[in-house]
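Line by line, the protein sequences give chains G and X. The opening residue of the first sequence carries number 181 in my numbering; numbering runs sequentially from there. The opening residue of the second sequence carries number 402 in my numbering; numbering runs sequentially from there.
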Amino acid sequence: MTTRLAPPPHELAARILAPVPFAHRMKVGRLVPPVGLTAGDVRSLEELLRHLEPDQRSLPGVGFERTAAWVEDAVGDRDLAVSVRGIAAEAPSYVEGCRRLLELIAERLGQAREVVGGGPTREGGSL
Amino acid sequence: MALYGYAGKILRLDLTARKATAVDTARYRRWGGGHGMASALFWDFCRDKTIKDGRDPANVCCVMPGPFSGTIVPSGGGRCEVTGVGVGMDPISWYTRSAIGGRFSAMLKYAGWDGVVIEGRASEPVWVEIQNSEVRFRDATRLWGLDTWATQDEIWRLQRRRRGTRTGWHDLNDRAEWGAADQGRTTQLSAIMTIGAAGEHQTAHAALIHDAGNGAGQGGFGAVWGSKNLKAISVIGTGSIEVADPAALLAARLVVKEKYTASWERPDFWTWSRLGNLPRPIIQSTPPTPDRRPQSCQGCNNGCRLRFSVGYGNESACQETSWYAPFIGRLVKDRIKAGEINLKAADIVQRYGFNSFVYQTGLHWLEHLVEEGALGPGRRIHSDLPWSQLGTLEFAEALTRALSTRTDIGADLADGWVQAARKWGREEDLHTGALQFSYWGWPEHGYDPRAELEWGYGSIMGDRDTNTHCFNAIFTSVSAAVAYGLPLRLEAGELVSLVAKKLAPYAKDRPEVLDFSDANMYSEAVAQLVRWQQHYCRFWKNSTILCDLKWPDFYNTNVPSLEGATGSPDGGEQVFWKAVTGEDLSFEGGVERGRQIWNLDNAIWTLQGRHRDIVHFAPYLYEHEYEHGELFPFYMWPCRDGDGKWAYTDLMGRKLDRAKFEQWKTTFYTLEGWDTASGWPTRRTLEAMDMKFVADALAAAGRLGREGA
């Protein structure tokens, strides 16, 4: 995947790598037949990345517009939000949209890590 | 006269007197088996049907196989119904049900019993050993405190039977106490149903566990057994079940395999069918290892569980393998490690005999309270649990231990989660939806009542989260196809026509019953669909007993006609019924028997205190919309537009209307022939079903519905 976003400034990069407060979490779900739609939430882009990872047993549940709004408002990354909206508009299917979103988030996290110099993640390690 | 499909007698256990007697099955033949027979047995043997807590010693718990148990009926040989008054529901713990798979029901019948009726309360912990016709009450003092797996291991050790079959045949005459009658030999281990810590401490979330991963969760029957000082029932049998027409049974099973089930030679992993899917564990499984094999309940044609080479997560297949997943990702990045924790968390709840279903929405609520500052060390709701470690295996065990042993917050949650919310001053959470316990104190299942009406309405008109997957494959199949951008196997109009063909008698060829649009969601048509579901399930699913995840089979893309097996002349439910029992019962006749069982259940609920005024959902379902895109981008379902044209439509974005739902209840009660003012059964309705004895009992209790009300 080619880079579509300019690297974030240092302050934004730190926010991209950090969790948001619980009150600003984004609710997500998962379609797990036959259990149904199970609830969850993500509090960081890292968690969103893991939520989107392909799984033979289930489908991740995210709303692209909700995700864009969360990225913009809670994380504070307006450029990334624009790209998320672009995926919503262009992806031929929801699952393909999830795949593209996964790549986009992974790329953005990589950019942020480069900017902050491979600094610690929330867990004190690195991806 | 042979009673084909039945063993011929039901075991009645009086725990108070430690006495075992036999009841003639023929006396209860009209109720079919499973749930129907259990309700009739409860009616006859429960002396006080006003009890509102299953831990009352008057409660009668039935463990009931059905005629199909122990046979080769596809997805019908290994299920077992458990009934009785439940624990921890709100506002009343109803007479309720659960089901459990595995091999217990088959083994019980091979031992010569069509079911077990459990009454009274033992003065000290006991376990019951059944070996063919012999029954013994055993001292369970040494078993009390053991987890469910250790309990089974210890019983097998006491029985001096070694694991597996490689050691050869077990001679059941090895103990002199069994008497002179030849007990036979077997390669099998006893089938054991047991409780763990959650049951011993009589908590609302206590399950019955059998083998590694079969559980009867909803209803809190583990607490019922705990209250009776019953640790376990072990059964081994060397007999068999005589079926009326073995050739017809075999032929029908082969039809299901060859006509209705996807071919292994040309596998179709996107089949739209319930009965006809390929075993999914092979292709659809979580890590940690590719070395696994499918495992199934006895006689099933579709192994839906797994056994792993790594030795954990065995037999756990459903909710217990998903309850912890949303939290693991917070701390664990490695997918293999996350999979390991997820499956080991499943093992934890199995070993504690804990019904993890309450965690599905309940654990999110607890986390919400922690993050909000209401719960934790020194907080208003005090808890010493290491909440910062939520997501680790250690926390999963610590939390489950606390909730299983009434320690920490488990002391308050043990008698019900909604009750705990009130005790903690958090009733507002039932309004905001922070606590999504939708009906009767049970959690929302994953099929939101604001979208999937038959699930929600069926739950609230019944006794628990219905957990009845008759129709919701429509949602999953269509939503998955839309999500992947795949062609729809069936257009909406075609699908509803195929389903409606099978909905005899109430909704046959009335596809509008499946229209869950805003314009139709409180209609007579939807009421007929819910009636059909309740009546069908009470007999064909819960009494015969067929697996909820495989039956009914309405449409089936493996078949050129696209018609599923349900009600069909070659592989329908009634075909198996006739082959097993010899009775020429029509498909509709079975639904009618289900109506009778449903009415008997409603009579019990009425005696317990049900009235239409308390039949309502949790407040959040009326006060908040099912938000678009929150859990998934869409909830696809066939609906008609303003021109009457069918299309798959997203049902998110709406809430329930309290006044309109009240009107819908009136419609439902009218169709059932019940008193619309109270929801109680009426004499005319009951007597028309040859249930005068029920009408008389309700009249004597002053709770018979008024005619024409």
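We put the CB at the ideal spot given by N, CA and C, even for glycine. Everything numeric in this text was worked out from a predicted model, so none of it was measured.
List the endpoints of the continuous alpha helix (DSSP H) containing residue i.
i: P695 of chain X; result: Premise fails: P695 of chain X lies in the beta strand (DSSP E), 693-696, not in any alpha helix (DSSP H).
i: Q619 of chain X; result: Neither: Q619 of chain X is in no alpha helix (DSSP H) and is coded neither H nor E.
i: H832 of chain X; result: 829-833
i: H190 of chain G; result: 190-197
i: P647 of chain X; result: 647-656
i: E520 of chain X; result: Here E520 of chain X belongs to no alpha helix (DSSP H); instead the beta strand (DSSP E) covers 517-520.
i: P727 of chain X; result: 726-732
i: C278 of chain G; result: 274-295
i: I1005 of chain X; result: 988-1009
i: M508 of chain X; result: 505-511
Mark residue i as exposed unless 16 or more other C-beta atoms lie within 10 angstroms of its C-beta, in which case mark it buried.
i: I684 of chain X; result: Caution is warranted here: a pLDDT of 49 is assigned to I684 of chain X, below 50, making its placement in the model unreliable, and no coordinate value can be reported.
i: F728 of chain X; result: buried
i: H231 of chain G; result: buried
i: Q236 of chain G; result: exposed
i: Y901 of chain X; result: Going by the sequence as given, residue 901 of chain X is Ala instead of Tyr. Flag for A901 of chain X reads buried.
i: K1066 of chain X; result: buried
i: W778 of chain X; result: One detail in the question is off: residue 778 of chain X reads as Pro in this sequence, not Trp. So P778 of chain X ends up on the exposed side.
i: S591 of chain X; result: buried
i: L651 of chain X; result: exposed
i: Q291 of chain G; result: buried
i: R781 of chain X; result: exposed
i: G1133 of chain X; result: Shown here, chain X extends from 402 to 1110; a query on residue 1133 of chain X therefore has no answer.
i: A186 of chain G; result: exposed
i: E828 of chain X; result: exposed
i: A1100 of chain X; result: exposed
i: Q1064 of chain X; result: exposed
Do we get a CB-CB distance below 9 Å when we pair residue i with the residues of chain X?
i: P213 of chain G; result: yes
i: A203 of chain G; result: yes
i: V296 of chain G; result: no
i: D221 of chain G; result: yes
i: G243 of chain G; result: yes
i: E287 of chain G; result: no
i: R309 of chain G; result: Outside the shown range of chain G (181 to 307) lies residue 309 of chain G, about which nothing can therefore be said.
i: E270 of chain G; result: no
i: S273 of chain G; result: yes
i: L217 of chain G; result: yes
i: I196 of chain G; result: no
i: E252 of chain G; result: no
i: E283 of chain G; result: no
On the DSSP bridge list, what partners appear for residue i?
i: T793 of chain X; result: X:L791
i: F917 of chain X; result: Looking at the DSSP assignment, F917 of chain X forms no beta bridge with any residue, so it has no partner.
i: Q532 of chain X; result: X:E535, X:I637
i: H571 of chain X; result: X:T587
i: H783 of chain X; result: X:G777
i: Y496 of chain X; result: X:V486
i: C354 of chain X; result: Limits of chain X in this structure are 402 at one end and 1110 at the other, which puts residue 354 of chain X out of reach.
i: T1083 of chain X; result: X:G1106
i: M425 of chain X; result: Looking at the sequence shown, residue 425 of chain X is not Met but Asp. Paired residue(s): X:K410.
i: G433 of chain X; result: None, per the DSSP bridge assignment.
i: H611 of chain X; result: X:M594, X:N615
i: R210 of chain G; result: G:T218, G:P240
i: K660 of chain X; result: DSSP, once it has assigned bridges, lists no residue as partnering K660 of chain X.
i: C462 of chain X; result: X:I519
Please check if any C-beta of chain G sits within less than 9 Å of the C-beta of residue i.
i: S880 of chain X; result: yes
i: F1033 of chain X; result: yes
i: G1030 of chain X; result: yes
i: K734 of chain X; result: yes
i: A835 of chain X; result: no
i: E1026 of chain X; result: no
i: R419 of chain X; result: no
i: R576 of chain X; result: no
i: I684 of chain X; result: Its pLDDT being 49, under 50, I684 of chain X is placed unreliably by the model, and the measurement read from it follows with that caveat. It does: the Cβ of I684 of chain X has a partner Cβ on chain G nearer than 9 Å.
i: S499 of chain X; result: no
i: N873 of chain X; result: yes
i: G479 of chain X; result: no
First and last residue of the beta strand (DSSP E) that includes residue i?
i: F709 of chain X; result: 706-709
i: V960 of chain X; result: No beta strand (DSSP E) holds V960 of chain X; DSSP gives it neither H nor E.
Against chain C, with Cβ distances strictly below 9 Å, would residue i count as a contact?
i: E233 of chain G; result: Among the chains of the structure shown, chain C does not appear; the protein chains present are G and X.
With a floor of 3 residues, list each beta strand (DSSP E) that falls wholly inside the segment 829-891 of chain X, ordered by position along the chain. 838-840
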